[in-house]
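Residue numbers (the working numbering): 13 to 160.
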């Protein structure tokens, strides 16, 4: 890896400066982000590997940061487990079937690898584009937290 500043800091190794990275939301100040956002819904952006890679790479390409953060959403795990997710303008995301009871937990689907394949595919595209230059940070939302 060419720039391992973030990894060194994560393992408490000495670094010449703190590492810098931009959360996905920070890209919203970029006109390039809005060019993409105006063409696709938020979930289309998350679920289309090439588009997710494009958005992930925006701050990398423009700001010379020390790590990339996967463009995705913490809610995709809950959706893959059977959550009926919708986004309402002015309100935000909501599950029509939130997890509230033990029966709700029993109804969750646990074999979700195929439904989240687009995340793995996006990671592959991003890793190819990063070409070892900087680390890629991924994340996931715990279904009981995001679906309650």
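Ideal placement from N, C-alpha and C gives every residue a C-beta, glycine not left out.
Below 8 Å on the Cβ atoms is my contact criterion, and I expect residue 62 with residue 137 to pass it. Report the Cβ-Cβ distance as a whole number of Å. 6 Å
Check this for me: beta carbons of residue 77 and residue 149, under 8 Å apart or not? no
Using alpha carbons as the reference points, say which of 65, 35 and 22 lies closest to residue 143. 65
Selection from 20, 67 and 59 that minimises the alpha carbon distance to residue 49: 67
Beta-carbon proximity list for residue 93, same chain, < 8 Å, skipping 5 on both sides: 120, 121, 122, 124, 155 and 159
Residue 102 to residue 54 span [Cα, whole Å]: 14 Å
Check the DSSP bridge columns for residue 98 and list the partner residues they point to. 106
By Cβ distance, which residues of its chain are closer than 8 Å to residue 151, with the 5 residues on each side in sequence left out? 81, 82, 84 and 86
Quick check: what's the CA-CA separation for residue 31 versus residue 105? 31 Å
Rounded to a whole number of angstroms, what is the C-alpha to C-alpha distance between residue 44 and residue 28? 31 Å
Would you kindly check if the distance between the Cβ of residue 108 and the Cβ of residue 18 is under 8 Å? no
Alpha carbons only, please: which of 74, 35, 117 and 59 is nearest the one belonging to residue 130? 59
Can you look up residue 135 in the DSSP assignment and give me helix, strand or coil? helix
Buried/exposed call for residue 132, threshold 16 Cβ in 10 Å: exposed
The alpha helix (DSSP H) that contains residue 61, what's its start and end? 61-75
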